[in-house]
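In our numbering, the protein residues as written are 311 to 425. First comes the structure, then the notes that go with it.
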Amino acid sequence: QVQLVESGGGLVQPGGSLRLSCAGSRISFDTYQLGWYRQAPGKQRELVATISSGGSRNYKDSVKGRFTISRDNAQNSVYLEMNSLKPEDTAVYYCNAYWANLDYWGKGTLVTVSS
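Shown next, in the form of structure tokens:
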């Protein structure tokens, strides 16, 4: 079955950077909208960033100018470059692929921003 596997999470100090990656298997990313979502402890899952099949990007207001989403269809991958990280960015980050009525999720990778 389709699998999305995230990697790149970890512990980072405030102001630091991380790059998240998500690799898809048994799926071709070409036609899918790809996205990153996050869920902090005790909170609902929220959208962080999306990138359409045509390359249009959309960001949560609080990450604009700090995070960059990109995709590589040849590698069936989507990335999230995160800079100037803040403690409030701490969450489990999930990769998503959406097209028509097909909606796939990874299992998440934990990002902890703390000194």
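Virtual Cβ for every residue (Gly too), placed ideally from N, Cα, C. Quick caveat, the model's predicted, so the values are computed rather than measured.
Local Cβ density within 10 Å of residue i, reported as buried at 16 or more and exposed below that
i, result
"glycine 320", "exposed"
"arginine 329", "exposed"
"glycine 325", "exposed"
Separation of residue j from residue i, as counted between CA atoms
i, j, result
"serine 363", "glutamine 323", "33 Å"
"leucine 344", "aspartate 399", "20 Å"
"leucine 357", "serine 372", "11 Å"
"valine 426", "valine 423", "Residue 426 lies beyond the stretch modelled for the chain, which goes from 311 to 425, so this question has no answer here."
"serine 425", "alanine 410", "42 Å"
"arginine 348", "serine 366", "20 Å"
"isoleucine 361", "proline 397", "25 Å"
"cysteine 332", "serine 317", "6 Å"
"tyrosine 414", "asparagine 386", "14 Å"
"threonine 419", "lysine 353", "16 Å"
Bridge partner(s) assigned by DSSP for residue i
i, result
"glutamate 398", "Paired residues: none, contrary to the question."
Proximity test, residue i beta-carbon vs the ligand FAD heavy atom, cut-off 7 Å
i, result
"serine 338", "This structure lacks the ligand FAD, and indeed carries no ligand of any kind."
Exercise. Contact between the region 342-360 and the region 379-386: three or more CB pairs below 8 Å?
Worked result: They touch, by the three-pair rule.
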